[in-house]
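Data block below; observations after.
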Amino acid sequence: MKARVHITLKNGVLDPQGKAIHHALEGLGFDGVDDVRQGKYIEIALADGDAAAAKARVSEMCEKLLANTVIEDYSVEIDG
Amino acid sequence: MKARVHITLKNGVLDPQGKAIHHALEGLGFDGVDDVRQGKYIEIALADGDAAAAKARVSEMCEKLLANTVIEDYSVEIDG
Amino acid sequence: MSAAAERPDDLMGLSDGEYDTILDILGRAPNFTELSIFSVMWSEHCSYKSSKIWLKTLPTEGPQVIQGPGENAGVVDIGDGLAAIFKIESHNHPSFIEPYQGAATGVGGILRDVFTMGARPVANLNALRFGAPDHPKTKHLVSGVVSGIGGYGNCIGVPTVGGEVNFDPAYNGNILVNAMTVGIAATDKIFYSAAAGVGLPVVYVGSKTGRDGIHGATMASAEFDDDTYEKRPTVQVGDPFTEKLLLEACLELMATDAIVAIQDMGAAGLTSSSVEMASKGEVGITLHLDDVPMRETGMQPFELMLSESQERMLMVLQPGHEDAARAIFEKWELDFAVIGETNTSERLVLMWDGEVAADIPVPPLVAAAPEYDRPWMATPPRPVVGPDEVAAPGDVADALLTLIASPDLCSRRWVWEQYDHMVMGDTVGRPGGDAALVRVHGTGKALAIATDCTPRYVEANPIEGGKQAVAEAWRNVTATGATPLAVTNNLNFGNPERPEIMGQLVGAIQGMGAACTALDAPVVSGNVSLYNETNGKAILPTPVIGCVGLLDDVTRRVGAAFAAAGEAVFVVGETAGWLGCSIYQRDLAGGCRGAPPPVDLDTERRNGDFVREAILGGRVTACHDVSDGGLAVALAEMAIAGNVGADIDTGTALPAHAWAFGEDQGRYVVTTADPDGFAAAADGAGIPASRLGTVGGASLTLPGAKPISVADLRDAHARWLPAYMTAG
Amino acid sequence: MSRPNRASTAVIVFPGSNCDRDVAVSLEAATGHAPHMVWHAGRELPDVDLIVVPGGFSYGDYLRSGAMAANSPIMREVIAQAGRGVPVLGICNGFQVLTECGLLPGVLMRNASLKFVCRDVDLRVERTDTVFTRDYAEGQVIRIPVAHHDGNYFTDPDTLKALEDNRQVAIRYCAPDGSLDGASNPNGSLANIAGVFNAAGNVLGMMPHPERLADPLLGGTDGAPMFTALAEAIAA
Ligand SMILES: Nc1ncnc2c1ncn2[C@@H]1O[C@H](COP(=O)(O)OP(=O)(O)O)[C@@H](O)[C@H]1O
Ligand SMILES: [Mg+2]
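Residue numbers (the working numbering), protein chains in the order written: chain A, 470 to 549; chain B, 470 to 549; chain C, 38 to 765; chain D, 833 to 1068.
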């Protein structure tokens, strides 16, 4: 069983990486880019079990460690 | 129009961050975790236009800048 | 000859002759795993087969030398029961493929070479050569290599205190990334790789083994279904955090008496480390490969033996110490596995799944390693170019402003500000001067460390160029007041199978050897990187020298910055205006032509010894060696560093540009508050020292040139690199 | 150097800490006593008069700088003693750990340049009525090195306003004359903030490394007064 976790910066939180990427893309001549935000994508392989329980446990991992909830939002999906 | 880009380490490439996160999760008492891989998730806001063309352009951005294709794979989705 | 009949069509880079030798050694055909082991052990990288007979000619001994070439790093005595342990190593090709990880793992590898001997690393340096700035790949490579070196060194917490950066089109397809580490150990706590003793446990520690760095060629020739090996990069990823844990765990274990022998797993990982230990200890080693900690599933014996996964060590322990050792590594959250034992067989035996996967007698595997006396052709001498044959600039001042703003002479601040050069709290001499100065922790002593090479000289005349690389590194160390102790070297050349390239290698080694002897700076370690070519075009011959010196009283050091207005400026050494192969000629007068400046080793030695004595005697307030760009550039660097100008009013019979930019060797610019005393001392010692002028004012004024404000000099010097790196 | 005193200090050591020895040298020079070097895995922290969370790359700075160390068992002890008023100093990675564990407000994001930066910076001391800064003069400009990849201080506007209103900003990146400008901000920090106090003033987190310029041989001593001030305060 696999959990797919997306961690993104909350709105209004400064994103130096996203800004730099945006700038670099323009430098490379890619126009029509309005905004770039960089987040994290974490894949967690889990022992098989109940999906709902797994989702709860992974959300707890986010609260405790994976995300800094002062500045970051997270979302968890469980694949089969 | 929004592009969602996932950048992940190629199969078999050491992921020091994932390894350390895995370790920390165990330290926090989360068991039943088999493996952790960390990647990047990038959201790109684009001027509206043709989805297929946008996908091609964002893939080019990955090749040129966003992904290190020597050790990373990338995937691009376009949300209407 | 039935064995010959079974000869595989892919010999993994071994020659037919080499394969025949293997048949003789084994008395049968090697299996795939055995052939892989021979192929890596006999590769240029591991066997030095093209360079060995010439490396043997280098001076490697001296009263200060505790361990010369042959171990993981060289060891020199620095007094008070302490030793400096150091080596330089290349990671050229990996850095070209993936600059960040290539450079990072290069730093990780050289750090392990040093701490595997019991030393705590105290300084990193890096000698970098990139292609032309306008080559499409260059900027990306500079940025990746510099952040990779910083990423690894900063994280593990060893200061990166010096190095070099050059640009030349000859490196467009083959950049050079040479990393040097210096460590300090107690002379009675130095660890070697000889696994002396039988019945001893062989222990694996560090990271798990993956398929990192296993080469496509080998993969393809594997008789396994190819889709178990879907295209995977051979690039290795560094994990500096794990290396930091490995460093602390090893040093903690080394404080006990559990370790008999220890060897890092570098190139050819488990293969070279186990063979090395068995061979040096004259024992046999049996490895149970099933017990090797693995990161991936389905790994085969040849993969476990060839993997170049980073942050791993192999140790032989005293029996009965396994549990104490395991406890230490588990505290540091590292893998620890007993994977074998030593015996009297003098064979390397690999067990896998209850069967013998390989069985090779170690002495012939090592002794029969090929050694070639490759045909070589001496580089034809070039004519001497007189000063008047090199076009003069409109105004020397404008030429100076152009040169100090050029890629090879501008400030490297953009580079070293990305390196933590102060962690560990002993960096007395930061990057930006001549040699870096690193205090020996808890003492009043310091090590002076520099790397140098001038490839355009080596190309023009390998012997003089080889001498010059040693002389310049020695000079940089001397300019701080330190006494050079020994050198390490990284020989970066093209394809040795071409006689003209082999001739460059031979000449450079001859020149280096002569210089090391004359300057009492024996070679204690080094590394050779050959085949640096793309489509038949070789790099400039680049024998990089890393020199380590000792300053007994760090408070006596001097820097390169002008110290105070009113002080007298002298140049020590003869100024003859040698413009052949100078940077001025290369960049502003039609390209590098003619013979490079000769190095008179006797003069080099006497001038350096005099300058050092003057510094230690308190007679000198600032000192800077004269190298690329000549007197004008040296004076400009001293003015910029001191933020004060100088009036250089000496007369000269030479053409102004030859006086200013000539690159005559064996010279130092010094300042003193006691001109008469200094002049008299030089006179008494029979050392040429002429007064150039006086420190002071807001501008630098050179003979026959308009004044340049120090502010303009600083802007010119600071401008190029950041501008180049930030330009879209 | 202040006179030797009985007070005891602790330096917390995480896997990947690498300025623990450096700060121990400065502490011993100022107090006359070697600090307790406390390994993170221990749940026990001796009762001390000063706790330092040192610089480095705890857990490699993986995931987020300081995040994994903030979850280490020892931090519960540090938080408890901080609550009892024990001075806690977090330097560089230590500052990141203190924000991640909630002892200090805000976060330290990737430098605006995205590059690691190691150099001396000028800093303006904003407040001198604390155990950390009382040997400096109000508004004094001091020179101390930074060496970090994630020192870009950020917080939401309300928190920033609260920080300013409660005078919780300890030091700011500034020009040599003390004026605040973008050019002298090495990492893009909000309001040039280089260090902040907690509301009670007994916890200080700062990106610059005072332990790195507390010895004339290393090129300066502007970092020393922080350690002498602490030594005097805890000796009293
Ligand atoms: N790659 C690098 N990393 C760190 N410091 C460097 C690097 N390249 C150059 N430097 C520093 O910049 C200064 C000037 O370098 P260089 O011009 O090669 O010195 P020199 O001419 O005296 O040999 C030296 O202090 C050197 O250590
Ligand atoms: Mg020099």
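Heads up, the beta-carbon is just placed ideally off N, CA and C, and yes, glycines get one too. Note that this is a predicted model, so its numbers are computed, not measured.
Put simply, the backbone Cα of residue 432 (chain C) is about 33 Å away from that of residue 173 (chain C). Between the C-alpha atoms of residue 61 (chain C) and residue 377 (chain C) there is a straight-line separation of about 27 Å. Taking all protein chains in view, the Cβ of residue 416 (chain C) is crowded by 16 or more other Cβ atoms within 10 Å, so the residue is classified as buried. Among the bridge pairs identified by DSSP, residue 977 (chain D) is matched with D:952. Distance between residue 159 (chain C) and residue 58 (chain C), taken at the CA atoms: about 44 Å. Between residue 196 (chain C) and residue 414 (chain C), the gap from beta carbon to beta carbon reaches 8 Å or more.
When Cβ pairs closer than 8 Å are counted between the two stretches, the segment 727 to 743 of chain C is seen to touch the segment 679 to 699 of chain C, the count reaching three or more.
Here the segment 739 to 755 of chain C makes no contact with the segment 848 to 866 of chain D; the two share fewer than three CB pairs at distances below 8 Å. Counting only the Cα atoms, residue 406 (chain C) lies some 53 Å from residue 903 (chain D). If you check the CB distance, residue 539 (chain B) and residue 212 (chain C) do not come in under 8 Å.
Bounds of the beta strand (DSSP E) holding residue 507 (chain A) are 502 to 515.
The continuous stretches of alpha helix (DSSP H) do not include residue 396 (chain C), which lies in the beta strand (DSSP E) extending over residues 392 to 398. No Cβ-Cβ contact shorter than 8 Å links residue 654 (chain C) with residue 733 (chain C). Identification of residues in the segment 498 to 522 of chain B having a C-beta nearer than 8 Å to some C-beta of chain A yields 499, 501, 502, 503, 504, 505, 506, 507, 508, 509, 510, 511, 512, 513, 514, 515, 516, 518, given in sequence order. Interface criterion not met: the Cβ of residue 940 (chain D) is under 8 Å from no Cβ in chain A.
Within chain B, the residues placing a beta-carbon under 7 Å from that of residue 333 (chain C) are 481, ordered along the chain.
Looking at C:580, C:275, C:599, C:509, the one whose alpha-carbon comes closest to that of residue 485 (chain B) is C:275. With 16 or more other CB atoms across the displayed protein chains lying within 10 angstroms of its CB, residue 1016 (chain D) is buried. If only complete runs of 4 or more residues are kept, the segment 490 to 525 of chain C shows the alpha helix (DSSP H) at 492 to 497, 499 to 515, in order along the chain. Here DSSP, grouped into helix, strand and coil, assigns residue 323 (chain C) to strand. Between residue 338 (chain C) and residue 402 (chain C), the gap from beta carbon to beta carbon reaches 8 Å or more. Excluding residues up to 5 positions away in sequence, 925, 928, 940, 982 lie with their Cβ nearer than 7 Å to the Cβ of residue 897 (chain D) in the same chain. Less than 8 Å separates the beta-carbon of residue 1024 (chain D) from that of residue 1006 (chain D). Listed by position along chain C, the residues whose Cβ is nearer than 9 Å to that of residue 489 (chain B) are 276, 278, 279. Among the CB atoms of chain C, none fall inside 8 Å of the CB of residue 527 (chain B). Around the beta carbon of residue 340 (chain C), a 10 Å sphere encloses 16 or more other beta carbons of the protein chains shown; the residue is thus reported as buried. Interface residue (Cβ-Cβ distance to chain D less than 8 Å): residue 455 (chain C) is classified as such. Between residue 78 (chain C) and residue 312 (chain C), the gap from beta carbon to beta carbon is short of 8 Å. Not a single CB atom of chain C sits nearer than 8 Å to the CB of residue 1036 (chain D).
C-alpha of residue 327 (chain C) to C-alpha of residue 127 (chain C): approximately 32 Å in a straight line.
Setting aside the 5 residues that flank it on each side, residue 84 (chain C) is surrounded in the same chain by 78, 406, 407, each with a C-beta closer than 7 Å to its C-beta; the list follows chain order. Pairwise C-beta distances place the segment 433 to 446 of chain C out of contact with the segment 706 to 720 of chain C, as fewer than three of them are shorter than 8 Å. The residue from C:466, C:475, C:385, C:80 with its alpha-carbon nearest to that of residue 49 (chain C) is C:80.
As DSSP reads the structure, residue 744 (chain C) sits in no beta bridge.
Under the 8 Å criterion on CB atoms, residue 536 (chain B) is classed as non-interfacial with respect to chain D.
About 15 Å separates the CB atoms of residue 456 (chain C) and residue 181 (chain C); that is not less than 8 Å, and the two are not in contact.
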